[in-house]
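Residue numbers (UniProt numbering): 1 to 159.
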């Protein structure tokens, strides 16, 4: 059942795991969905068949985030919600300096949601009495910790 005059829900990291489950649930209820994805995944064929708009986004750079936000604004002048689920799972290693690992994790988990909220503000306001919903998904690793994914856990906690 199509929701009349329903603005789409934007889900970053919507082609796998919980993002995919959320996308399917919204689409099955007739809620339009925009999926942000880094790489093509098999489930995207299904999502597109269900009516999802899929936009590739490179969130590893600020320029990539700006480019993605421009594409979203072209597709949807208004958003019902943005669900920040994009993630990277990079372990600390002897080959990569720790500050580079932390910078990469902060870029995806902290800067990307912050910048997208700012850049898409015009799409998120004016939804009746309240603005659109902004939802940040985190990870149980925030509470549990991780010996091999320290920057990941810290950046998810910062979110």
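Cβ atoms here follow ideal geometry from the backbone N, Cα and C, with glycine treated the same way.
In terms of DSSP beta bridges, what is residue 37 paired with? 56
Exposed or buried, residue 37, counting other C-beta atoms within 10 Å across all chains shown (16 or more means buried)? buried
Let me check understanding here. Comparing Cα to Cα, which of 136, 131, 110 lies closest to residue 158? 110
Which value, in whole angstroms, describes the spacing of the CA atoms of residue 155 and residue 85? 13 Å
Can you have a look at residue 2 and say buried or exposed, based on whether 16 or more other CB atoms are within 10 angstroms of its CB? Note that residue 2 has pLDDT 49, beneath the 50 cutoff, so the model's placement of it is unreliable and the number below is only indicative. Residue 2 should be labelled exposed.
Counted within 10 angstroms of its Cβ, other Cβ atoms place residue 100 as buried (16 or more) or exposed: exposed
Less than 6 Å between C-beta atoms, sequence neighbours within five positions excluded: which residues of the same chain meet that for residue 102? 151
Cutting at 6 Å between CB atoms, please list the residues of its own chain near residue 82, excluding the five before and the five after it. 10, 134
Would you tell me roughly how many angstroms separate the C-alpha atoms of residue 4 and residue 20, rounded to the nearest one? At residue 4 the pLDDT is 49, less than 50, meaning the model places this residue with poor confidence; the figure from the coordinates comes in the next sentence. Their Cα atoms are separated by approximately 23 Å.
Of the listed residues 117, 44, 6, nearest to residue 17 (C-alpha basis): 44
For the segment 81-156, which segments carrying the beta strand (DSSP E) assignment without a break, of at least 3 residues, lie completely within its bounds, in sequence order? 81-84, 133-136
Counted within 10 angstroms of its Cβ, other Cβ atoms place residue 47 as buried (16 or more) or exposed: buried
Starting from residue 12, follow the beta strand (DSSP E) in both directions and report where the run begins and ends. 9-12
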